[in-house]
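Contents: one structure, followed by commentary.
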Amino acid sequence: MNKSQIISVQASAGSGKTYNLAKRYIYLLLGSNNETSIKNIIAVTFTNKAAVEMKYRVLDYLKKAALCLDTGDFFDDLNLTKTEISKKSIATLEDILRFYDNFNIGTIDSFKNHILKSCAISIDLSPNFIIEQDYSDNLLFSLENFLQKARYSENLRNLLLQYVSQYTMKDSGWIPKNTIYRETEKIFKKSGNTGKNILTGNRESFDNEASSRVKMITDKIKIFAKLLPKLKINSHHIKAVDKVLKNDNKIFFEVNNIPKRFSSESLEYNKDATHNPEADELWEAISKDIKSFCDFYMNNYYNIYSNIYSQVAIEFDKQSRKDGVVFLNEINKKTVNFFEKNEAVMPEVYYRLSEKYKHFLIDEFQDTSLVQWAGIKRFLEESLAVNGTFFYVGDVKQAIYAFRGGNSELFDTMSNEFPSANIDKQYLKKNFRSGKVVVDFNNHIFSKENIERFLNELYENEDAKCDFSKFVETYNFSEQESIQEHNYGYVEIDVIDKTFEDVNEETKQKFMNHISHLIERFALQNIAVLCRNNDEIPTVSSWLLEKGFEIESSQTLNIKNNNVIKQIVSLLMFINSPIDALSFSSFVLGDVFSKASSFESTEFEKFIFTYNKENKSGIFYKNFRYKYETLWNEYFEEFFVKAGFVPVYELTLSILEKFKIIDNSPDSKAFVMCFLELIKDFEMQDSGLKNFLEYFNKLQDDKDSLYIKNAFGSGIKIMTAHKAKGLQFPVVIMPFFKLSEHSMDRPYFDSSNEEIKLLNISQNLAKFSEKAKKIYDREKLNLLLSELNVLYVCMTRAEYEFYAIVPPKSGTANNKALVLLGSGNLISGVQQKYAINNAVKGEVVLDNFDTNYKGIQKYLMNDKKTTIDINDIKRRGTILHYALSKIVSLKNKNRGDAIADVVNITKRKFLFEDIDFVKEKLDGMFKSEEILKLFMYDETKIYNEKEIINTFGDSFRIDKLIVDDNEIVVVDFKSSNYNEIKNKEQLKNYAVLISEIYLHKKIVIYIVDIEKGQLNILQ
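This is the structure we're talking about:
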């Protein structure tokens, strides 16, 4: 095993990144002579999906090794016998099962969340704070609070008056509040991404200083205009002067319209014309004044926004603390700020965690942001000081998350961060994914020589003030080797000539032609269509649907677009507002109602026609109730009774049961479960049907909670490059192969110092300001590099064949991808048939998608949700355990009624499971007087599922904790197949923890076998 403390792995596409991460994790455990356990290792991934895949890989290799199955050369470097590896693997698996909370493979946000939870009180947060993703409502509320306070505060009112004055100088909109909100939101995002505070600007009025400067400039231009009749100069000078004088002063507040001619400090005279020293001197002064004004404009325009943001941020922080909420965008910033404030004496929790974590593994390191790195680095410094290790893997060519703060330059800065450490740099060059033809094609396109040629041609006629070295170095090690068995592949590039009248139609024809030929050799699920952005997906989807092809895209996996969910929402909208005839009609006309009631939609259509024809007065649903009284009473009346009295989750479950939705529409199971999870998440922070419907309608399509998480089905895949990252497909088609043009975001966030300075940077300002030009050229090049990285990700997803259709334009500009390709149409390789395993690598296929509830659960977003084990005893134990968690006390209660209530609650939790055994087991358990006695304490003394935390920040959950006057009773429910020795050891640990909390009290521990209905006391 590699003994270096720091190992850097540059893993190009398809080179086995996850394999090497899993291998490193397992080697740390099996090769350490029992010095390292799972609690000492933390593996950080970029996404939940990547975390799930890595866990799967680790467990898969450990299980195979434990059973002495074939693992290839995976364990060869351990220098252990197969028997030794098997024994160590078994021990590790037992460790994982016993202390699963210590199996630390998760996202960087979950790691930071763990840190914040451990030190919540120290930073004035509630220990039970909630993490939320959508901050828009809180931010808008905070802005409203600020505006209200400005009515009574002279300082805040002056701030707003300055903003309005500046706003009217440039903007023509009527609602400046919207502009304030948009800019405030941008600043909030960036502040979270960088972890830095915003530098507040000079409070002196921008518009007064700007107006003074502009007046001085225009006065000089007017004087210069009087000299024009005497001058024989280039006409562009004259036009520039005329443009300023005709547009009055406003042209300088719309800086993009300042004539470029003023950027030159010297006059261009006509041939043989006599120079005028007075005019030369005056023009030079005007040019310098305009450049000075542009520098001032760049540095100070956004001061007012930063000042307003600082006030809104105060309100936002107050509201968040009041609500006990931390937003995902703030986690990194809060963590880093906490460490910085405790620089002299590091927080106690930090020492505890650094003692626990000795080995760090980080995936997708190129997408790690500076603020994320700042928090992790503090732990690394401590762990490396005590012989810990750091293993990071990634690929700078796949850095496509710069917009989230990802900084690929971190890859090359480790020698500066840890100057005394020995860093072992490794490069994974072998491509195990793609055929030789695809690998060779990508080697050529992304070779250092081709990238240099591309940049030279692209910037040949541009005065760019930027360094290309970073760009070129990114692709310095791009060449890969294909493995010997992959001597196949095909690449076809179609360039659309700019002379085509309808480029979109030509693209469609070429695309559909590729599809028609591919389906002769590949199944639909083997074909992936990759788009640059979400806007292209509906276009491609419509082309395929038009020809009757089955597809899978973000649209088809969005629960909002699912027909059954639409009908459920229509019914909920009607229950919320009975006068909503449209929602009621939509539901009754749908197949959910017709399948359950056998009521023909044509019958209802006749009813609507008659109702409209007779122009009946009154509320629509009442007329329906009068005509179809039996149907109404059977299917709708109970919801009117329940409305407003039961939670949305309970109401929705009643709808599912009443209309037998899962039975009648089995294909909708995953969508229904995702919808229920969404409701559950909503009810953790809010309540009420009206509020839920507003929340649901406001959810944007980019919210992960709206999408089912399933293994791929049988349709053609359509997705963006960002969604495709980490996946691979037999065939990839890019119907819009282009390097997109992106303008710089404004404001520009200058984070080169301790605080972020907001700058106004634009292409036109760059003509007058050296600083602006330097920033503009550098950021333009960075945007181009990000786009090239996106292309690299797309082009390296293909296993067998890759197709690209290249349009002549990207937006209104020429398509830079044409320069990258360096040639026109291209065909390489041979089309053929392949023996393909249709389980798409990159997704952990856990079960058939059309199984019962247990299968659906595995596709839910949160891997901490209940998943029923396939082992029947364990499954029954899980269900019984849940039922018992819902029984606090039976004192002064009817036992039969209490059990019946718990059975109903459990049935709703395990919607698709047979739980008939629960009542029988509970009845049997409570026949034991000893067990029944544990449920006869006052409710005020009983805590079910009580969580306790030790001094190291580890959490433990006690099934039932009873705090009596003289003693503490711990009840642990176990199924019959539990490990008695390990369980007793765990319970003794509980006893130690509880004794530290409840001093001088006797502690009694009972173990209840929930299958046998037996009670044992732990001596």
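If you're matching positions, the sequence shown starts at 910 in this note's numbering and goes up one per residue. Every residue gets a Cβ at the ideal spot worked out from N, C-alpha and C, and that includes glycine. Model, not experiment: these values are computed from the prediction.
Secondary structure note for Ala1579: its alpha helix (DSSP H) is the uninterrupted segment 1578–1592.
Taking a C-beta distance under 8 Å as the contact criterion, Ala1722 and Met1643 do not qualify as a contact pair. Under the three-state reduction of DSSP output, Ala1707 falls in the strand class.
Boundaries around Ser1324 are those of the alpha helix (DSSP H), 1323–1326, since no beta strand (DSSP E) includes it. By the C-beta density criterion, Tyr1061 is exposed, having fewer than 16 other C-beta atoms within 10 angstroms. Nearest Cα to Cys1203 within the set His1909, Glu1094, Gln1335, Pro1168: Pro1168. For Lys964, the closest C-alpha among the options Asp1157, Met1482, Glu1664, Ile1005 is that of Ile1005. Nearest C-alpha to Ile1736 among Lys1286, Tyr1399, Tyr1846, His1395: Tyr1399. Note that the C-beta distance between Gln1307 and Ala1726 is not below 8 Å.
When secondary structure is reduced to three states using DSSP, Thr956 falls in the coil class, being assigned neither helix nor strand. Across the set Lys1536, Ile1126, Leu1439, the C-alpha of Leu1439 shows the shortest separation from the C-alpha of Pro1639.
Taking all protein chains shown into account, Asn929 has 16 or more neighbouring C-beta atoms within 10 Å of its C-beta and is therefore buried. Listed in chain order, the beta strand (DSSP E) runs fully inside the segment 1362–1446 are 1399–1404, 1436–1440, counting runs of at least 3 residues. Our two residues, Lys1334 and Lys1683, have alpha carbons roughly 33 Å apart in a direct line. Per DSSP, Pro1186 is one residue of the alpha helix (DSSP H) stretching across 1186–1209.
Per DSSP, the beta-bridge partners of His1268 are Ile950, Thr1298. In this structure, the CA atom of Leu978 is about 16 Å from the CA atom of Ile935. In the DSSP assignment, Tyr1712 forms a beta bridge with Glu1401, Ile1642.
Inclusion of Lys1098 and Gly1284 in the CB contact set at 8 Å is not warranted, their separation being larger than that value.
Between Asp1686 and the set Ser1671, Tyr1301, Ser1719, Val1557, the nearest pair of CA atoms involves Ser1671. The Cβ atoms of Lys1456 and Met1482 lie no closer than 8 Å to each other.
No residue range can be given for Asp986, since it is assigned to no alpha helix (DSSP H) and is classified by DSSP as neither H nor E.
Around the beta carbon of Thr1705, 16 or more other beta carbons sit within 10 angstroms, so the residue counts as buried. Of the other Cβ atoms in all chains shown, fewer than 16 fall within 10 Å of the Cβ of Leu1454; this residue is therefore exposed. Judged by their CB atoms, Ile915 and Phe1299 are nearer to each other than the 8 Å cut-off. Annotation for Glu1876: the continuous beta strand (DSSP E) segment containing it runs 1876–1883.
The C-beta distance from Leu1056 to His1268 rounds to 51 Å, too long to fall under 8 Å, and the pair is not in contact.
Contact between the segment 1504–1516 and the segment 1472–1487 is not established, with fewer than three Cβ pairs separated by less than 8 Å. The C-beta of Val1901 has fewer than 16 other C-beta atoms within 10 Å across all chains shown, which makes the residue exposed. Sequence-distant Cβ neighbours of Val953 in its own chain, meaning closer than 8 Å and more than five residues away, are Gly1015, Thr1016, Ile1017, Phe1020, Phe1269, Leu1270, Ile1271, Asp1272, Ile1285. Of the candidates Leu1697, Ile1199, Leu971, Glu1566, the residue whose Cα lies closest to the Cα of Phe1355 is Leu1697.
Cβ-Cβ distances below 8 Å link Lys1800 to Phe1844, Met1845, Tyr1846, Asp1847, Glu1848 in the same chain, with the five nearest sequence neighbours on each side left out; the list follows chain order. Nearest C-alpha to Val1797 among Asp1825, Glu1514, Leu1841: Leu1841. Contact between Glu1708 and Arg1430 is ruled out by a C-beta separation of about 13 Å, above the 8 Å threshold. Judged by beta-carbon spacing, Thr1127 lies within the 8 Å limit of Asn1158, meaning their Cβ atoms are closer than that value. Cβ contact annotation for Val1221 (same chain, cutoff 6 Å, sequence separation greater than five): Ser1051, Leu1052, Phe1055, Thr1093, in chain order.
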